[in-house]
Every structure is written in structure tokens, then in C-alpha cells.
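What follows is a single structure, written as C-alpha cells, with notes after it.
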Amino acid sequence: MGKEKKNKEGEQLKKKTKNLWGEFKTFITRGNILDMAVGVIIGGAFNAIVTALVNILMSVCTWGVPGGIKGLITVLPASNPAQEGIVGQKFSTGELTNKVIEFAKESGATIDAESNTFVQWKDSLLGLYELHGTTYVYKQSAFIDWGTFINAIISFLIIALTLFVIVKVSKYLAKRKAEYQAKLQEEYYQRHPEERPLPPAPQEKKPTTEELLTAILAEMKKEDSKK
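Position one of the sequence shown corresponds to residue 244 (this note's numbering), numbered consecutively onward.
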């Protein structure tokens, strides 16, 4: 009895596993799932193309801006001591050497650009700042990244325009296809008039609620007059 029970449970488990696998297989092979997967892949590739195109356009448009599009930032005034920075809220790449020496001096060390520890002090300082174009900004400072904002707007406009063109072309092709199919069907019916379907019989117009109420009221008046 125990062996038969185990065999029965094993068969039920196999059956459930088989059914589950069958449902999963049906799910992943449905048309809309495959279409969605293709759409995601194409969308990812298209996003890479748009990003590259926007970067090229912005590089050309902002070639006169130090640091290019990444240099389009506005550092907001410090609202508390934590945002003031170690050697200021921001400094340019040309000031880096002097800022490293100043940073070491404030920490109690005297160095110059030829010192053996200069690179260590430089790495320590740059760990507290973030490079935007040609400007180092203190990481705890608040700033407006105009470059990223403009980049996002242009990317959105390019994608929106592309989708608009795709939808318009798709609708136009669908319309032309429907017209062509209708033309072929009409030519076929002209050659084989006996196969042309009969026009639907005209349906009787149903009375409106007002008409029904008017008819009922007229019948009631007629009954009252007979009395």
C-alpha cells in the first residue's frame, strides 16, 4: 500500500510539472509576448542610436563651452557649511595643482607639484569632488545639470518624432492595403457577380421612448373617451 501511494504521488507530481511546463511554454510562445520581446530589443538598440546622435549634435552645438555639454552646470550657493567644500565648492582643471597644494596645507602638510606625496594628496582631494566637463564640483554641493536636462529633452523630441513618422507611415500603408484589397475584391465580384453578397435587409426603425409614451397616452385617452 505504501509503495502504491508513493507511485501515485510521484505520477501526480510529474503530471503537475508537465502541466506547469506546458502552460509556461504556451505563455512564452504567444504572439504578443514575442512581439513585446522584439520591441524591447529594438527599443534598446534604437535608444543607443538616439543617445549617440544626441551626443554628436550636442558636441557640435556646445563646442565653444568649456567641457562641452557636461560642463553646462550651475552650482548653487552653499546653504550650510557641509556644502562649502574643502577648497571651495568648485574649481577648474587648470587650478587642480594649486588646489591640491592648498588641500595639503590645510591638513598640515607642505608639498609642491614635485613632491612624492603629491599624487596621494591629489587622489584624496579628487575623491571628494566630481568632474563635470572641465570643472570639479564638491560632491555634497547642490547644482543644476543643464547638459543632462537638455540631452533628455532632445532625446525625447527625436524619439517622439520618429514614433510619429512610424505611426503615420504605418497608417498610410494600412489604408493603401485596405484600398487595394477592396479594389481586388470589387474586380472579382465584377467577374463573378453571382458571388457578390446580398446587401443587408433594411431594419425597421424602432420607436423611441417618446414615441412609445405618446402612443400609450393616446390609447389611455381613447379608453377614457369610451367610458
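Positions of the beta carbon are idealized from the N, C-alpha and C atoms, including for glycine.
Starting from I387, trace the beta strand (DSSP E) both ways and give me its first and last residue. F386 to D388
For L374, the residue or residues it bridges with in DSSP: Y379
G351: buried (16+ other C-beta within 10 angstroms of its C-beta) or exposed? exposed
Beta-bridge partners of V318, as assigned by DSSP: F386
Can we say the region 365-382 touches the region 310-326, given the rule of at least three CB pairs closer than 8 Å? yes
Would you kindly work out how many angstroms separate the C-alpha atoms of L263 and F289, rounded to a whole number? Note on geometry: alpha-carbon atoms of L263 and F289 lie some 36 Å from one another.
CA-to-CA distance, F407 to T457, given in whole angstroms: 53 Å
Could you give the residue range of the alpha helix (DSSP H) that holds S367? F361 to L369
So what does F334 bridge to, in DSSP terms? Looking at the DSSP assignment, F334 forms a beta bridge with Y379.
Segment limits, alpha helix (DSSP H) that includes A347: In the DSSP assignment, A347 falls within the alpha helix (DSSP H) that extends over L339 to E349.
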